[in-house]
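These notes are about the structure you will find just below.
In this note's numbering, the protein residues as written are 17 to 231.
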């Protein structure tokens, strides 16, 4: 069974279940030495990242968990250097973008399209902006996804490629042009298996693809 380091601290049940459905053991840890023994890394959703990491002061970000920021970044650094597969989801995508030198919109002007309503994910459409990318192969050129965030990628980090975009121009997914890194601003773990939705695509394809990257 493949093992994936799940670098988070709370609300991880859906990630664990999605990995388990793909015969992957989730190793929940923020310890680098334990994490790097795994075959891949999943950085889950969560709160806002300290904008100091992309050279800005607080300007719309929620108060960050600085210990978590550092721990996740250090683990990400280890996996990037080892060239092992990485899946980033929501906060995870933002952290990956920042790591490679990108920045964030700290509070999107169009956040009402993306934030949760009454504790439920919002649903909106996205379009493929890179011909033949993996998401387009799975779902076509236009499809619906869930959404639960108020920040988004502004400047893209070095080596990263935007592949999906929402109707208001927000980046919804990225891939690395050389490394086995894939990331979504949306939450496929809440569109998969027991969490499937009738109003959005099935997120399982993303986890199946991540499983295929694991050596």
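Note that the Cβ used here is the ideal one computed from N, Cα and C, for glycine as well.
Note that the coordinates shown come from a computational prediction; the quantities given were computed from them, not determined experimentally.
query, result
"Per-residue DSSP class, three states only, for residue 139", "strand"
"Inter-residue Cα distance where the pair is residue 54 and residue 220", "21 Å"
"Bridge partner(s) assigned by DSSP for residue 56", "20"
"Proximity winner among 58, 84, 186, relative to residue 69 (alpha-carbon distances)", "84"
"Exposure label - residue 29; buried when at least 16 CB within 10 Å", "exposed"
"Supposed contact pair residue 227 and residue 40 - C-beta distance, whole angstroms, cut 8 Å", "6 Å"
"Residue 102 to residue 134 span [Cα, whole Å]", "31 Å"
"Those residues which DSSP pairs with residue 200 across a bridge", "105, 189"
"Where residue 113 falls: helix, strand or coil (DSSP)", "helix"
"Residue environment, residue 27, which counts as buried when at least 16 other CB atoms sit within 10 Å", "exposed"
"Distance between residue 49 and residue 78 (C-alpha atoms, nearest Å)", "30 Å"
"Chain B contact for residue 41 (CB, 8 Å cutoff)", "Annotation note: the requested chain B is absent from the structure, which comprises a single protein chain."
"Helix, strand or coil at residue 122 [DSSP, three-state]", "coil"
"First through last residue of the beta strand (DSSP E) which encompasses residue 177", "176-182"
"First and last residue of the uninterrupted alpha helix (DSSP H) at residue 161", "Looking at the DSSP string, residue 161 is not in any alpha helix (DSSP H); the run it does join, the beta strand (DSSP E), is 158-163."
"Separation of residue 176 from residue 190, as counted between CA atoms", "6 Å"
"Beta-carbon spacing of residue 170, residue 120 below 8 Å", "yes"
"Residues near residue 57 in its chain [Cβ-Cβ closer than 6 Å; skip 5 each side]", "21, 95, 102"
"Burial state of residue 98 (16 or more Cβ within 10 Å)", "exposed"
"Segment limits, beta strand (DSSP E) that includes residue 194", "From DSSP, residue 194 is part of no beta strand (DSSP E); its letter is neither H nor E."
"Own chain partners of residue 159 with C-beta closer than 6 Å, once the 5 adjacent residues on each side are dropped", "217"
"Distance between residue 24 and residue 44 (C-alpha atoms, nearest Å)", "7 Å"
"Counterpart residues of residue 32 in DSSP-defined beta bridges", "Beta-bridge pairing links residue 32 to no other residue."
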